[in-house]
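Counting from 284, one number per residue, gives the positions in the sequence shown under the working numbering. This report concerns only the one structure given below.
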Amino acid sequence: MFLLLALTSGLFLGWSLGANDAANVFGSAVGSRMLSFRKAAWIASVFVVLGAVVQGRGASDTLSSLSRVDALGGAFMVSLCAAFTVFMMTRKGLPVSTGQAIVGAIMGWAVFTGNRADYTVLFKIVATWITGPILGMVFSAALFLLMRWWLRRSSVHVIYLDSLIRMALILAGAFGAYSLGANNIANVMGVFIPSAPQLVLHFGLFTIDGVQLLFLLGGLAIATGIFTYSRKVMSTVGEGILSLTPEAAIVVVLSQALVLFVFSSSSLSTLISSMGLPPIPLVPVSSTQVVIGSVVGIGLVKGAREIKPKILGGIALGWVMTPLLAGLITWFLLFFAQNVFNITVTLHKVGRVSEPVVDAVASGKVQHAVNMVLPGLLLLAGLVIAALTAYLWQQQRKRLKAENDLLNEQNQYFEAQKSLNKLEVHSIQLENKILNSRLETKRQELINLALSIEDQRSFLEKVNALVAGLQEKNQQPGLVADLKALSVLVSQRMTFSRDMEAFNGQVEQIHKDFHSKLDALFPGLTDQEKKLATLLRLNLSTKEIAALLNISPKSAETARYRLRKRLNIPTGENLYQFINNL
């Protein structure tokens with residue numbers, strides 16, 4: 284039962300690996316938009332499980348020889364701390380290595396328990412952290428040059444080429460996922476191999492032993508991590524460092540798969556050894572580091588200016604911090620697990636209490652043993668309080684940031700609303716100017732019409748006076764009769780009935796609101812007085828008003844005086860300004 288409980292940390296680490304390392308198999312393909320995230324996740328999940336079950340023993344044996352975690356409680360804490368470290372780095376969007384985390388956690392366990400660590404194995408593993416990216420860089424540069432040469436010489440149609448590249452991405456990704464499972468399953472379940480159940484499951488065509496069963500569970504955990512939390516790291520690898528073409532994406536996936544396959548294939552290592560060459564070390568290689576190296580290799584071929592050094596610097600810092608942070612976290616948690624919760628973290632306790640002290644305690648020379656439960660609980664409480672304080676402070680910062688963002692958005696909204704209001708005011712002012720211009724044009728037309736009527740009336744009055752003079756000078760009956768008829772025609776024309784109807788109609792249309800105000804403010808005004816007020820609003824002279832109203836100028840003056848009385852205009856105030864302000 285405790286084995287199942289302990290395996291939860293390994294499954295958590297497998298989930299973290301899927302969210303971080305395994306996502307890099309198809310990160311470049313998804314980043315180049317040649318493959319959807321869901322399809323990439325399915326392909327990677329299936330083949331990473333196959334690689335873990337079929338070919339996962341080689342690298343796992345090497346990791347176990349670094350420092351054999353001999354107690355299930357210790358394996359649980361090592362795996363948990365490594366998973367927690369990777370999870371924190373993943374939250375920051377940094378593509379770190381689970382291999383670095385598990386190695387740092389194992390070394391933290393070795394330092395705490397005093398167990399011997401094989402520094403030769405550690406040197407091999409650390410060396411692969413350097414040689415892995417370099418090999419990835421070399422492979423990707425060579426494959427990219429070969430790919431570019433083939434594309435230049437081939438005459439494949441662009442549509443067929445797109446399908447071919449997509450198929451190549453799928454095949455290379457499947458091979459990469461298989462190699463990842465074969466190589467990195469050691470990071471997930473390597474510390475649990477000493478505690479693996481002694482059983483063999485027969486399925487007819489194949490069999491699975493207890494170690495492979497652990498690898499199967501770890502592979503499924505990796506697949507879960509791919510589906511649930513790998514999209515962000517895919518974006519960093521596929522787009523953040525260097526924008527990749529689909530052809531370059533194939534090269535990245537294939538070079539990463541080749542490097543991982545080289546460091547996990549026992550058959551290839553045996554073949555190299557049979558040739559008299561040094562065997563290839565079977566160690567878990569960081570797929571993340573290999574992918575980054577592959578991307579940088581393509582960037583160097585295309586021109587170093589395309590590489591984004593700021594992002595590379597952040598990734599490199601994550602690589603350095605991961606094993607150190609994992610080791611420190613493991614050391615502190617092992618302290619609490621052993622001294623507070625009495626969990627057995629190792630079966631061979633060396634270095635924590637020296638042999639002379641142990642003999643002294645056994646012989647009774649040491650009277651008082653140190654009880655670490657209470658100090659441990661106090662330290663644990665202090666850490667919990669510190670963690671809660673940090674969490675609350677972080678939440679406060681997030682809340683303040685959210686409020687600040689909200690205020691900025693509101694300020695931008697108000698500024699936009701203010702600009703919109705200014706535009707609306709400007710639009711209204713422009714419309715008013717246009718309306719005032721049209722009104723002034725109409726007003727000028729009415730004034731011109733009034734002046735034309737007045738001029739015609741004056742001319743006809745002169746003609747009528749000349750006709751009357753001719754009547755007095757001539758006594759011929761026929762001529763007098765003709766002159767009388769001409770005088771009647773002139774008098775009839777002097778009424779300007781049609782012109783006045785047109786003029787009054789336009790005045791009514793333009794000054795409709797003015798007439799309404801007059802009716803509301805001065806309900807006792809006659810139509811003639813309203814007409815006079817309208818003509819005054821047009822700023823016509825007394826002579827022009829007399830001509831339009833067909834009255835004498837003196838009568839027009841009298842009408843103006845009466846209108847002042849009806850409107851109750853104080854003495855000294857201008858009649859035109861009073862009417863114009865209504």
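Even for Gly, the Cβ is constructed at its ideal location relative to N, Cα and C. For clarity, every value in this text was computed on a predicted model and none was experimentally measured.
Span of the beta strand (DSSP E), counted from its first residue to its last, around residue i
{"i": "H490", "result": "The sequence given here places Thr at residue 490; His does not occur at that position. That run of the beta strand (DSSP E) goes 490-492."}
Collapsed DSSP secondary structure at residue i in the structure displayed
{"i": "L657", "result": "Reliability of the predicted coordinates at L657 is poor, the pLDDT of 48 falling under 50, and the value obtained from them is presented with this limitation in mind. Of the three classes helix, strand and coil, the one that applies to L657 here is helix, per DSSP."}
{"i": "L484", "result": "strand"}
{"i": "N715", "result": "helix"}
{"i": "E856", "result": "coil"}
{"i": "G807", "result": "coil"}
{"i": "A366", "result": "helix"}
{"i": "I834", "result": "coil"}
{"i": "D353", "result": "coil"}
{"i": "I626", "result": "coil"}
{"i": "L675", "result": "helix"}
{"i": "L452", "result": "helix"}
{"i": "L850", "result": "coil"}
{"i": "R845", "result": "helix"}
{"i": "A620", "result": "helix"}
{"i": "S462", "result": "helix"}
{"i": "A532", "result": "helix"}
{"i": "N864", "result": "coil"}
{"i": "R740", "result": "helix"}
{"i": "L823", "result": "coil"}
{"i": "A479", "result": "coil"}
Buried versus exposed, by CB contacts within 10 Å (16 or more), residue i
{"i": "N715", "result": "exposed"}
{"i": "E686", "result": "exposed"}
{"i": "E530", "result": "buried"}
{"i": "L463", "result": "buried"}
{"i": "Y461", "result": "buried"}
{"i": "N822", "result": "exposed"}
{"i": "I442", "result": "exposed"}
{"i": "G473", "result": "buried"}
{"i": "K814", "result": "buried"}
{"i": "G559", "result": "exposed"}
{"i": "T381", "result": "buried"}
{"i": "G855", "result": "exposed"}
{"i": "W432", "result": "exposed"}
{"i": "S513", "result": "buried"}
{"i": "V750", "result": "buried"}
{"i": "V603", "result": "exposed"}
{"i": "T403", "result": "exposed"}
{"i": "A669", "result": "exposed"}
{"i": "L418", "result": "buried"}
{"i": "W676", "result": "exposed"}
{"i": "M430", "result": "buried"}
{"i": "N398", "result": "buried"}
{"i": "T627", "result": "exposed"}
{"i": "S702", "result": "exposed"}
Proximal residues to residue i (C-beta, below 7 Å), its chain only, five neighbours per side dropped
{"i": "L818", "result": "I828, L831"}
{"i": "L426", "result": "V534, L537, S538"}
{"i": "P567", "result": "A342, L346, G382, N466, N467, A469, N470"}
{"i": "G456", "result": "V308, F309, A312, A323, I326, A327, V536"}
Residue range of the unbroken alpha helix (DSSP H) whose run includes residue i
{"i": "I563", "result": "Neither: I563 is in no alpha helix (DSSP H) and is coded neither H nor E."}
{"i": "T817", "result": "810-820"}
{"i": "Q759", "result": "Segment: none, Q759 is in no alpha helix (DSSP H) and carries neither H nor E."}
{"i": "V421", "result": "402-436"}
{"i": "M390", "result": "381-396"}
{"i": "T553", "result": "549-557"}
{"i": "V574", "result": "570-585"}
{"i": "L333", "result": "320-338"}
Sequence-distant residues of the same chain with beta carbon closer than 6 Å to residue i, five excluded per side
{"i": "I468", "result": "A335, G339, F498, G501"}
{"i": "L296", "result": "S362, A365, A366, V471"}
{"i": "F422", "result": "S538, L541"}
{"i": "A393", "result": "S350, A400"}
{"i": "I862", "result": "A816, L819, R820"}
{"i": "V584", "result": "A424, F427"}
{"i": "A479", "result": "G493, V494, L497"}
{"i": "N864", "result": "none"}
Cβ-heavy atom distance, residue i to the ligand NAP, below 8 Å
{"i": "W676", "result": "Looking at this structure, you won't find the ligand NAP or any other ligand, since it has none at all."}
Cut-off 8 Å between Cβ atoms - residues of its own chain near residue i, not counting five sequence neighbours on either side
{"i": "T553", "result": "P562"}
{"i": "R849", "result": "F805, G807, L808, E812"}
{"i": "I491", "result": "V336, V483, L484, L499"}
CB contact below 9 Å: residue i versus chain D
{"i": "Q383", "result": "No chain D is present in this structure, which holds just one protein chain."}
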